[in-house]
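In my numbering, the protein residues as written are 3 to 86.
Beta carbons are placed, not taken as given, at the ideal position from N, Cα and C, and that holds for glycine.
Because the structure is a prediction, the values reported are computed rather than measured.
Structure record follows, encoded as structure tokens.
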């Protein structure tokens, strides 16, 4: 049919709530645990991680060698709260 097959796979890893004072090492450990549970058995690797802009979370994501993508809805919520 002339179409190139798309081998890219998508996965939602996990939605996890963390305490605001959670340490960077604990956040990174949780990320690695979830990657081990969800992605590694399927030979997938994370291309990015979406999160809020909490400095500890962003720092843990970057320390783990992952690409951080800010959550659009979280950013929109901040803009709306600042507006009112």
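- Between residue 23 and the set 56, 77, 75, 79, the nearest pair of CA atoms involves 56.
- In this structure, residue 69 places its C-beta atom within 8 Å of the C-beta atom of residue 49.
- Residue 82 and residue 76 have their C-alpha atoms some 10 Å from each other.
- With respect to the 8 Å criterion, residue 20 and residue 26 are not classified as neighbours on the basis of their beta carbons.
- For residue 34, same chain residues with a beta-carbon under 8 Å away, outside a window of 5 residues either side, are 66 in chain order.
- For the pair residue 16 and residue 36, the CB atoms are nearer than the 8 Å cut-off.
- A residue is called buried once 16 or more other Cβ atoms fall within 10 Å of its Cβ, and residue 63 is buried on that count.
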